[in-house]
Structures are given as structure tokens and as C-alpha cells.
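Peer 1:
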Amino acid sequence: MDQAHIRNFSIIAHIDHGKSTLADRILEVTGAVTGREMRAQVLDSMDLERERGITIKAQAVRVHWRGHELNLIDTPGHVDFTYEVSRSLQACEGALLVVDAAQGVEAQTVANAYLAIENDLELVPVVNKIDLPQANPDGAAEEIAELIGDTPDHALRVSAKTGQGVEEILDAVIQRIPPPKGVSDGPARALVFDSSYDQYRGVVAFVRVVDGSFRAGEPVLAMAQGTRFEAEEVGFFSPTMQPADALSAGEVGYLVTGLKDVARLRVGETLTSQANPASEPLPGYREVKPMVFAGLFPTDSDDYPELRDALERLKLNDGSLSYEPETSQALGFGFRSGFLGLLHMEIVRERLEREFDLDLLVTAPTVAYRVETPTGEQVEVHNPADMPAERERVEEPYVRASIIVPKDGVGQVMELATERRGRFDHMEYLSPERVLLLYELPLGEIVFDFYDQLKSRTRGYASFDYDYAGFREGDLVRLDVLVGGEPVDALSLVLHREAAYSRGRLLVDRLREEIPRQMFDVPVQAAIGSRVIARETIKAKRKDVLAKCYGGDISRKRKLLERQKAGKKRMKQVGAVEVPQEAFLAVLNLDEGTKR
């Protein structure tokens with residue numbers, strides 16, 4: 001199709017502002033999906049997405065409207081999946097910026113709007129959910145106009161639930177979003193913005209063709225890695241995969257590569273024709289840095305190869321996931337994996353368990369620390385157990401946090417941020433009722449339950465977004481857990497010195513409840529270096545050896561007790577304590593409210 005009649009656009013918004021519902025209505029209005037095929041969240045194909053009601057993976061679909069070809073990419077809204085959004089935006093020329101008419105501009109609305117502006121996209125403001133009784137479309141339109149420097153009249157008022165105003169959105173996409181500007185007859189170039197793995201067809205690359213065209217059966221070259229393959233099939237999403245003769249400049253679609261090794265084609269690659277290759281690749285994507293690290297271990301050590309293969313497959317269409325092999329004395333062989341946040345970690349774990357039928361144990365999440373040794377060497381530590389005993393200074397990652405909260409919740413939020421060692425930046429009123437608070441917070445303080453605490457203290461009305469702000473020096477210590485005098489490396493933590501005693505006390509209390517009683521006393525200790533700061537004892541199981549003594553000589557009773565005591569002592573010397581899976585899970589679920 002002629003590029004003048006093509007529009008590539010994305011839907012961006014804060015979580016739960018109606019992106020996927022609006023995508024459903026667009027598919028319905030354009031006739032891309034029949035009434036019989038229609039269901040809620042059509043583009044959310046994963047069971048996990050449907051159960052949680054959130055979008056995890058960006059999805060592309062082609063629709064037709066008034067003689068134009070519209071390529072829509074639906075994106076996630078949660079802060080952990082911002083990388084998915086940034087990848088999708090590079091495949092577009094414009095975006096619908098959706099805002100809930102009842103809630104107005106939220107933290108992720110601001111973050112995604114700036115992301116779109118950085119990518120030079122044309123923004124079409126949309127005020128959704130105008131059918132709600134508490135909706136304030138004019139107020140929301142004013143907030144969104146102030147955010148992007150537009151007038152409130154330009155914001156479209158729609159209800160994705162009822163379909164009101166959806167046709168006006170499609171007309172605005174054609175009128176306001178520019179067509180692609182690729183070279184139709186030049187050497188072919190396409191950007192791989194996502195991919196998936198099919199066990200019969202190999203790697204399927206999701207592409208945005210920038211210049212030239214790709215045909216089925218044509219030899220293709222991946223410019224960065226030098227991988228060569230033949231395009232077995234090309235096509236587009238409607239929303240199922242529809243084969244086509246060719247994909248031309250400006251179009252979005254897929255390319256079946258037949259590659260069985262997932263490492264040979266990465267997201268961000270530039271594809272070109274082997275017969276007439278392009279001279280230089282497309283910019284691709286900046287390397288994303290994981291923020292949160294955790295150990296992934298199979299509960300059955302024989303499943304280690306399956307876990308490695310599963311992580312390779314997931315890495316193919318999740319460029320933000322990183323992993324490297326790790327060995328733990330307590331848990332055996334596994335992987336130290338990097339994630340963008342806690343939700344990302346939870347989703348990866350659930351996908352590994354569901355899609356690959358693995359039974360996993362995940363260690364407590366931690367962040368990356370930068371350590372300077374006495375010799376002046378700089379080391380980045382992802383696992384608390386690897387923290388050097390001798391160190392000059394330790395730096396921890398900080399984030400710039402934007403918190404939008406009703407004005408009556410400001411006090412509770414400031415109290416929470418101060419508890420978590422936050423540094424106040426500034427505060428501004430977005431409207432008479434809503435306040436934006438900007439803080440610098442240590443990432444290690446927000447990975448556990450900061451978001452839950454924020455929601456509970458503001459009755460669910462606060463919204464939260466953050467971006468990376470670099471490393472800062474901190475008074476940090478490594479807290480080790482010893483069971484029966486032996487350190488359990490998987491339970492080590494790095495935390496601020498002030499919080500060490502309370503966390504250590506809570507940790508040993510919980511472990512005393514979770515570790516089963518042995519035939520001998522088992523001490524559970526929390527220690528900083530060689531100094532024990534908290535201790536509990538798991539009492540031994542004890543047989544009543546005096547049950548058969550009805551009175552008589554006291555020395556007989558003493559002799560029985562002494563023999564039992566000696567037996568316990570011998571048992572303690574040879575006995576090993578197995579720390580059960582529940583104990584590791586208990587560390588993950590430590591009640592932060594109690595700790596505070």
C-alpha cells in the first residue's frame with residue numbers, strides 16, 4: 001500500500017485507564033474482529049494477562065478505516081514494563097495518550113507522555129470513561145493539555161466501554177498522525193521490535209519495515225549479528241497471523257525465520273536483504289539495565305537444563321530479562337536473574353512455571369550494589385552472599401520517584417518516604433485536589449512492599465512512577481543468617497545499618513516457626529560479620545525417658561537424662577539441618593509493616 005495511506009500508532013496510558021478496552025472497540029468498529037470472535041481484551045493473548053486484567057506484552061494489529069491501513073500497537077501500563085512501551089513507540093509515528101476522566105493524569109501518564117515526546121511522536125490526547133458517574137472530562141482535558149502543551153479542545157472525549165467517540169478517534173489518527181517516511185524503492189531495512197518462538201517454525205520476528213520491502217522466500221541478513229536465513233513466510237496481524245505476499249515500507253508485520261537457536265536473532269536487530277543489503281543499520285534500542293535481582297532455582301536439581309532452555313526462550317521476546325548461572329550451597333544450581341521490578345519478577349516466575357511446567361524457588365529480591373575494595377577496585381555485586389567482607393565504601397542505586405496523591409494523603413506519603421530514607425525534592429499542585437511529590441529514594445527500600453504500603457496509606461488513590469537516578473554512598477551492611485552455626489547463603493541480605501537489628505529479629509523469629517524441629521537444639525542466628533545481633537533456638541524433639549519411672553531412686557532418673565543428653569550431643573555433631581522451601585518463601589513474605 002502507498003505510504004500516504006498508512007498510519008502506525010500506539011496506545012499509551014497509566015495502568016487501568018482503558019487501553020485494552022479501547023483497542024477492543026477499535027477492532028470492533030473497523031470490523032477486524034467479528035461479533036462471534038469478540039471478547040474482552042482481545043489482544044491480551046496470555047492467560048496471565050486475562051487473569052490479572054493487565055497487559056504484559058505489547059501486541060500489534062492491522063485494521064482498515066476509510067481507505068487507510070492503520071497499524072495499532074497496544075502497550076502495557078505498569079512501570080515495570082516501560083521497556084515494552086519504549087520498544088513499541090520506536091515502531092510508530094504517533095500515539096493515543098489515554099487518560100481516565102475520573103482519575104485524571106497519573107504518574108505513568110506523565111512518564112509515557114515524555115517517552116513519546118522523546119521519540120518525536122505526534123500525540124492525540126483522549127479522555128476515556130466519560131460514561132462514569134464521577135467522570136470530570138473537562139478537568140481531565142485541562143490536565144492533559146497542560147502536560148503536553150496543547151489546548152483542552154483538542155482532547156477527544158470517548159467511552160471505550162460503550163464505543164462512544166471511537167470513530168472520531170480513528171478519524172483523528174488519519175488526520176493528525178503523519179504517514180511513514182521510508183524509501184519505498186531503496187535497500188530493504190526492518191526493525192525487529194519483538195519476537196516469539198514457535199517450536200515448528202522457529203523464531204518469528206515482529207518487524208516494522210522502514211525502507212524497501214520483504215517477500216516470502218527471500219534470503220535475509222540480520223546486520224548486527226550477521227545471521228543469515230530465508231524468510232519462510234511474511235504477513236501481518238489481524239489480530240491473528242495472516243500471510244501476505246510482501247511487507248512494504250511503513251508496514252508492521254511478522255517474518256518467519258525458521259531459526260531454531262533463539263540467540264541468533266535479538267530484539268532491536270536490523271533486517272535487510274542479502275541480495276541488496278543496506279549500508280547501515282537502524283538505531284535499534286538502548287541496552288536496558290535490570291534493577292532488581294533474584295536467584296531462580298529448580299526445586300528438583302535435575303530440572304536445571306529445562307530452566308536454562310526456558311530462560312533462553314523468554315529472553316527472546318523479553319529483552320529486559322538477564323540471567324547468569326549461580327551456585328548456592330543451600331539450593332544447588334540455578335540462575336541469578338535481573339528484572340525491571342517486582343511485578344516483572346513475578347510475571348517471569350509465573351510464565352516459567354505455567355508455560356514450561358517448572359517448579360521454582362525464588363530467593364529474596366535484591367538490587368545491584370557498587371563496592372570499592374581496600375585495593376581501590378570497583379566491584380558490582382548482585383548477590384548479597386558475594387559482598388566482600390573488606391570494603392572501603394558501598395554505593396546503592398537511587399531512583400527519582402514521582403508520586404501523585406490526593407491533597408489529604410500528602411502527610412502519609414511524606415511519612416512513608418521519610419521512613420524509607422527518601423530525600424524530598426519538591427511538591428507541586430496539579431489541580432486543587434491533586435499533588436505531585438518528587439523524591440529521591442533508595443531502590444532497595446522500594447523493591448519489597450513500598451507500592452503496597454503507598455496504596456494502603458492513601459486508600460488506593462496514589463499513583464507511583466520512578467526512573468533510575470544513579471548510585472549514592474550509603475551505610476550498608478551484609479546480614480547473614482546462620483542455621484546450626486552454618487551460614488545459609490540464599491538468606492543473606494544487604495540493608496541499611498539502622499534497619500539491620502529489626503530485620504534480623506523478624507527474620508530469626510519467622511525461621512524458628514518455619515524450620516521443623518530436629519532431634520537436637522538448633523540455633524538460628526542473624527549476624528553482621530562476626531557479631532550476632534539476634535538469636536532464636538529451635539528446641540529439640542524430646543522423648544519422655546522418665547515415663548516408666550514411677551518414683552524410686554532419683555539417681556536412676558538422672559542416669560536416663562544424662563544418657564539422653566549425651567545422645568543429643570553426639571547427634572548435634574553429625575546432624576545436618578535441612579532448610580525447607582517454606583522458610584525461603586517466609587523471608588520473601590516478611591511483613592514490612594511489623595518491621596517498621
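Numbering (the numbering used here), first residue to last: 1 to 596.
Where a beta carbon is used, it is the ideal one built from N, C-alpha and C, also for glycine.
According to the Cβ coordinates, are Leu255 and Thr227 closer than 8 angstroms?
Peer 2: Numbered from its first residue, the sequence shown carries residue 255 at position 255. Numbered from its first residue, the sequence shown carries residue 227 at position 227. No, these two residues do not count as a Cβ contact at 8 angstroms.
Peer 1: For His382, count neighbouring Cβ atoms within 10 angstroms of its own Cβ and tell me buried if that reaches 16, exposed if not.
Peer 2: Locating residue 382 in the sequence shown gives position 382, where the first residue counts as 1. His382 should be labelled buried.
Peer 1: On the CB-based measure, 16 or more other CB atoms within 10 Å of its CB, does Cys92 come out buried or exposed?
Peer 2: Working through the sequence shown from its first residue, we reach residue 92 at position 92. Buried, because 16 or more other Cβ atoms sit within 10 Å of the Cβ of Cys92.
Peer 1: Using the three-state DSSP reduction, which class does Asp553 fall into: helix, strand or coil?
Peer 2: Reading the sequence shown from its first residue, position 553 is the one you call residue 553. Coil at Asp553, not helix or strand.
Peer 1: DSSP three-state call for Pro384: helix, strand or coil?
Peer 2: Position 384 of the sequence shown holds residue 384. Helix.
Peer 1: With which residues is Thr327 paired in a DSSP beta bridge?
Peer 2: On the sequence shown, residue 327 is found 327 positions in, with the first residue counted as 1. According to DSSP, Thr327 bridges with Phe333.
Peer 1: Using alpha carbons as the reference points, say which of Arg393, Leu296, Pro374 and Met387 lies closest to Arg351.
Peer 2: Against the sequence shown, residue 351 aligns to sequence position 351. Cα-wise, what sits closest to Arg351 is Leu296.
Peer 1: If you scan the segment 454-537 from start to end, which runs of the alpha helix (DSSP H) of 4 or more residues do you find wholly inside it?
Peer 2: 497-514
Peer 1: Give me the Cα-Cα distance between Lys161 and Asp131, rounded to the nearest whole angstrom.
Peer 2: By one-based count along the sequence shown, residue 161 stands at place 161. By one-based count along the sequence shown, residue 131 stands at place 131. Computed Cα separation, rounded: 8 angstroms.
Peer 1: Take every Cβ of the segment 500-512, pair it with every Cβ of the segment 437-456, and state whether three or more of those distances are shorter than 8 angstroms.
Peer 2: no
Peer 1: Go ahead and label Asp480 buried or exposed: buried means 16 or more other beta carbons lie within 10 angstroms of its beta carbon, across all protein chains shown.
Peer 2: Indexing the sequence shown from 1 puts residue 480 at position 480. The residue is buried, with at least 16 neighbouring Cβ atoms inside 10 Å.
Peer 1: Between which residues of its own chain and Asp300 is the CB-CB distance below 7 angstroms, once the five residues before and five after are set aside?
Peer 2: Indexing the sequence shown from 1 puts residue 300 at position 300. Excluding residues within five positions, the ones whose Cβ falls inside 7 angstroms are Asp359.
Peer 1: Is the separation between the beta-carbon of Val203 and that of Val166 shorter than 8 angstroms?
Peer 2: The sequence position of residue 203 within the sequence shown is 203, counting from 1. The sequence position of residue 166 within the sequence shown is 166, counting from 1. No, they are not a contact pair.
Peer 1: Using the Cα positions of Arg308 and Glu353, report the straight-line distance between them to the nearest angstrom.
Peer 2: The residue labelled residue 308 in the question sits at position 308 within the sequence shown. The residue labelled residue 353 in the question sits at position 353 within the sequence shown. Whole-angstrom Cα-Cα distance: 13 angstroms.
Peer 1: Once you ignore the five residues that flank Gly504 on each side, which residues in its own chain have a CB closer than 7 angstroms to its CB?
Peer 2: Locating residue 504 in the sequence shown gives position 504, counting from the first residue. Contacts found: Leu479, Ala526, Ile533 and Ala534.
Peer 1: What residue from Ala102, Arg531 and Val483 has the CA that sits closest to Val524's CA?
Peer 2: Position 524 of the sequence shown, counted from the start, is the residue given in the question as residue 524. It is Val483.
Peer 1: So what does Thr272 bridge to, in DSSP terms?
Peer 2: Taking the first residue of the sequence shown as position 1, residue 272 is located at position 272. In the DSSP assignment, the residues bridged to Thr272 are Arg189 and Leu221.
Peer 1: For Glu306, tell me which candidate among Ser273, Gly341, Leu316 and Glu355 has the shortest Cα-Cα distance.
Peer 2: Taking the sequence shown and counting its residues from 1, one reaches residue 306 at position 306. Among Ser273, Gly341, Leu316 and Glu355, the Cα nearest to that of Glu306 is on Glu355.
Peer 1: If I follow the unbroken alpha helix (DSSP H) through Gly411, where does it start and stop?
Peer 2: The sequence position of residue 411 within the sequence shown is 411, counting from 1. It spans Val410 to Glu419 - the alpha helix (DSSP H) in which Gly411 sits, taken as one unbroken run.
Peer 1: Using the beta-carbon count (16 or more within 10 Å), is His14 buried or exposed?
Peer 2: Indexing the sequence shown from 1 puts residue 14 at position 14. Of the residues assessed, His14 falls on the buried side of the cut-off, its CB having 16 or more other CB atoms within 10 angstroms.
Peer 1: In three-state terms, what does DSSP make of Gly338?
Peer 2: Here residue 338 refers to the residue found at position 338 when the sequence shown is read from its first residue. Gly338 falls in the strand class under three-state DSSP.
Peer 1: Is Val494 buried or exposed, if buried means 16 or more other CB atoms sit within 10 Å of its CB?
Peer 2: Position 494 of the sequence shown, counting from 1, holds the residue named residue 494. Result: buried.
Peer 1: Tell me which residue opens and which closes the alpha helix (DSSP H) that Arg176 is part of.
Peer 2: Residue mapping note: residue 176 aligns to position 176 of the sequence shown, counting from 1. Looking at the DSSP string, the run of the alpha helix (DSSP H) that includes Arg176 is Val166 to Arg176.
Peer 1: Using only the alpha-carbon positions, how far apart do Thr257 and Glu269 sit?
Peer 2: Counting from 1 along the sequence shown, the entry for residue 257 is found at position 257. Counting from 1 along the sequence shown, the entry for residue 269 is found at position 269. Approximately 13 angstroms, taken between the alpha carbons.
Peer 1: Put Gly182 into one of helix, strand or coil per three-state DSSP.
Peer 2: In the sequence shown, counting from the first residue as 1, residue 182 sits at position 182. Reduced to three states, the DSSP call for Gly182 is coil.
Peer 1: Out of Asp153, Ile169, Gly250 and Gln134, point me to the one whose CA is closest to Gly186's CA.
Peer 2: Translated into the one-based positions of the sequence shown, residue 186 becomes position 186. By alpha-carbon distance to Gly186, the top candidate from Asp153, Ile169, Gly250 and Gln134 is Gly250.
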